[in-house]
C-alpha cells in the first residue's frame, strides 16, 4: 500500500514547488501574470473574479468533466472560495478548519483544525468564505473573532490573535467574528467583523502579517467628535450601530486605498430609533491602506430600513467612461442598483437598477438616492422591491476585461411588505441558502435567480441567464470567455460570457453557495466550486 | 367579536358565505381592500356563522362522509387508504404551530385548526400551501398530464400524477409547463351542508397520527 505522505513528496518532486513559498505581495499585485494560481479570494486584489486562463472555451466547454471531489466533514454551508498556490489548494471546512489539498487529486496534505468558542454567535451561519496568503503563511479569520496565521507547508499555527472587542459593546462579544476572506495589503492582513444585527459597533482592522499585532482600526460607526457621528441621533445609539463587514475588500495600488463594503445598521426594522443617515452603514469606505484613515465614502442606502447590507465585493475596473479612460469601481448592491463610482474620489458616476427596484426615483446631483414617497417601512406595511434579502447579496460578481462586461448574480421578482417595527414579510418565496437541495414550487412571478451581463459604460443589459430557483452563487469569468456560476438548484454551469448561451451544466446534488475559481497545474485548467458540503474540480477530458 | 344571532338561518349563512367568495373570486370589490383582507373577512364571517350555530361535529359521520359522499379518498390518503395525489391527511388534526407559515408547512396553516379546515373545504383556493401546488405539463405529442408538484428546476420537473405515479420530465421535452397556484380541489360549499362540514372537520381534527409510545 502506498503511503499518502510518500505520494505527497513524490508529487512535490515531480511537479516542482508544490508548497506556498514566497507568495510576495508583488506576486499578489500581479496575479494576472500567473493565472495558474488563485492567490486571493477574488483572484486578484481588484475584486474582478476573473481568470486569465484560456484553455476552456465556449467551443470545448461541453467536454468538461469531473476530476475529483473532496467531501468536507462539516454540515455547515460551504461558502469558501479556495486559494491555489503552485499546485496546492487551500480551503476551509466550515466553520474554521483549514485544509490543504493536492489541486490535481483532491487528496489531503494537512488539516488545521480549529474549534471556535462555544459562545460564538455569528449571524446567518457558521461559515467561512475564504483565506489569504502572504509569503509562506495562510491567514484565516474565525467566527469567534480570531485572526490566525498558519504555516502553508505544514498546517501549523504561527500566531493567533484575538481581535479586541470594542469597549462600547462588551455584552455583544459573542456576535463579533470574521466570516469573510482576509485581504493582504503589503505587510498587513485586513479583516472586518460580522454581527451587524447583533448590536455591535463595526470595524475594519489591519494586523501585521508577521506578528499578528494590530496595526490600525477603522470604526464603521463614528464616535462623538468624529466626522459622521452627526448622522446618528444624540445619545448612545451609535455605540450599537451595527455596520458589520462580512465580505472581502479590494485594493488599488495606485491610490493605496483599500475598499470595503459596510453592512446594515442594527435594528433595521426600527429606523425611527436611529434618525439620520447612520454613517457608514450601507456604504463603501475607501481607507488609506497604511493607516486606516478614511479618504472617502459613498453611502448606497442612507437610513436603511430594508436590511440592504452593502456587503458586496468592490470590483475595480479601468473602463472608458464618456469617451475617456477612467478608473472606476463597479458595485452591484443589495438594494438593486448597479453603481459606477470614481474609485480615486468616490464620485458618483451612475446608478441604474439591475432588477425591479421601486424604492427610489433617481439620484440628486450628489448621487444621493431619492426615495419614492411611501416606499419606506410603515406601520401598515409598504410593498418594496427588491426583497430584504436583496437583489444580490454577498455572493460575488465578476468583471471580464476580455468582454468588458460586468456580470451580476441576482434575484428578480422578489419583494417584501416592509413593516415599521416588525420583520418584513416576503411577497414571494425568498429562501436563505442551505446545504441540501430544497424542493422548488415557485413560479417566476414569485422570484427567480438570474445572471445578468451589463455594459458598465452604458448600464445596458447585454444578456441574462435565468434560473428556476433563486441563487446564492457567485460568478467567475475567464479569458476564454466562459462564465461559471450555479444556484440553489444545484447545477454548476458554464455560459458563453459574450452571449449567455448555455455551454455545459452538471447537477452537483447540493446548493452552490460560493464563488467558483480557476487554476491550472501542468498546463491543465481546472475550475473548482463548492456545492453542498463538498468541493468539486472540473477540467476538460 | 361575532355578532351573528345564534339562531340565524343556516341557508342564509351558506349563501352569504358563497356570495362573499364569489365577490372575492370575481374581483367585484376593488376599493383598496387587499385580497388578503377580503379572504380574512370571508374566513371570519364563515367561521363566525358556523360557530354561531354551535354545530357539533361527529367524527364517525365525518369519516363516512370522507370515504363516501365526499369522495375525498379520490385524492387524499388517510393512513393506508386513498390516493397519494393530494396531501396525506393522516396527521392533519395534529397542531403543528405556525412557525413555518403557509409557504413552508406541507399542509398549510389549516393543520390542527378547525376554522382553517372549514375554509379549506369551502374555499380551497384561499390558501394553497406551496407543497400542495399542482403542475400541468403537455408533452410534445399533446398528452396533458397533471399532478402535485414535488419539485422543478431550470431543466426538469418532478411530480406525482393523479394516478399516484411518480413522473419526471425534462422541460426541453415538453410543449407546455405550468405551475398552478390554484387548488385542484373542488369547493364543498354547494356539496355539503353546515352539519356535514362540521362532521368532516371533526373527523379531520381527530386524525393525529399514531400515538407516541
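Residue numbers (the working numbering), protein chains in the order written: chain R, 26 to 566; chain Z, 19 to 231. We put the beta carbon where it would ideally sit given N, CA and C, even for glycine.
Opposing strand residues paired with residue 364 of chain R [DSSP bridges]: R:356 and R:376
Reduced DSSP secondary structure (H/G/I, E/B, other) of residue 200 of chain R: helix
First and last residue of the uninterrupted alpha helix (DSSP H) at residue 134 of chain Z: 132-140
Chain B residues whose Cβ lies nearer than 7 Å to that of residue 493 of chain R: As a matter of chain content, chain B is missing from the structure shown, whose protein chains are R and Z.
Short-range partners of chain R found in the region 193-209 of chain Z, where Cβ spacing is below 7 Å: 197 and 199
Residues that DSSP places opposite residue 509 of chain R in a beta bridge: For residue 509 of chain R, the beta-bridge partners assigned by DSSP are R:501 and R:519.
C-beta neighbour in chain R for residue 166 of chain Z, strict 7 Å: no
Option in R:362, R:396, R:204 and R:501 with minimal Cα separation from residue 426 of chain R: R:501
Residue interval of the alpha helix (DSSP H) (run including residue 207 of chain Z): Neither: residue 207 of chain Z is in no alpha helix (DSSP H) and is coded neither H nor E.
Helix, strand or coil at residue 325 of chain R [DSSP, three-state]: The answer is coil: DSSP assigns residue 325 of chain R none of H, G, I, E or B.
CB of residue 256 of chain R within 7 Å of CB of residue 295 of chain R, strictly: no
Residue 272 of chain R, DSSP secondary structure in three states: Note: residue 272 of chain R maps to coil in three-state DSSP.
Where residue 329 of chain R falls, given that 16 or more other Cβ within 10 Å makes a residue buried: buried
Secondary structure of residue 87 of chain R, DSSP reduced to three states: helix
Same chain only: Cβ atoms within 7 Å of residue 607 of chain R, ignoring 5 sequence neighbours per side: There is simply no residue 607 of chain R to check, as chain R begins at 26 and stops at 566 in what is shown.
6 Å CB neighbourhood of residue 431 of chain R in its chain, flanking five on each side removed: 355, 424, 479 and 481
Collapsed DSSP secondary structure at residue 150 of chain Z in the structure displayed: helix
Beta carbon proximity, residue 403 of chain R to chain Z, threshold 7 Å: no
The region 267-275 of chain R contacting the region 178-186 of chain R, beta-carbon criterion three pairs below 8 Å: Touching, no.
Endpoints, the alpha helix (DSSP H) within which residue 218 of chain Z is located: For residue 218 of chain Z, the enclosing alpha helix (DSSP H) starts and ends at 212-223.
Residues, ordered as in the chain, of the region 456-489 of chain R that lie near chain Z by beta-carbon distance below 7 Å: From the region 456-489 of chain R, only 464, 465, 466 and 468 have a Cβ closer than 7 Å to chain Z.
Short Cβ contact (7 Å threshold) for residue 202 of chain R with residue 173 of chain R: no
Residue-level contact to chain R via CB, residue 219 of chain Z, 7 Å cutoff: no
Neighbourhood of residue 77 of chain R by C-beta distance below 7 Å, restricted to the same chain and skipping five residues each side: 57, 60 and 504
Own chain partners of residue 509 of chain R with C-beta closer than 6 Å, once the 5 adjacent residues on each side are dropped: 501, 519, 541 and 552
Limits of the alpha helix (DSSP H) - the one that residue 77 of chain Z falls within: 77-85
Cβ of residue 514 of chain R within 7 Å of any chain Z Cβ: yes
Where residue 151 of chain Z meets chain R, residues with beta-carbon distance less than 7 Å: 466
Distance CB(residue 156 of chain R)-CB(residue 192 of chain R) smaller than 7 Å: no
Nearest-angstrom Cα separation, counted from residue 216 of chain Z out to residue 535 of chain R: 45 Å
Beta-bridge pairing of residue 574 of chain R - partner residues as DSSP gives them: The requested residue 574 of chain R does not occur in the structure, where chain R is confined to residues 26 to 566.
Inter-stretch contact at 8 Å, needing at least 3 Cβ pairs: the region 205-216 of chain Z / the region 515-531 of chain R: Flag = no, the region 205-216 of chain Z and the region 515-531 of chain R do not touch.
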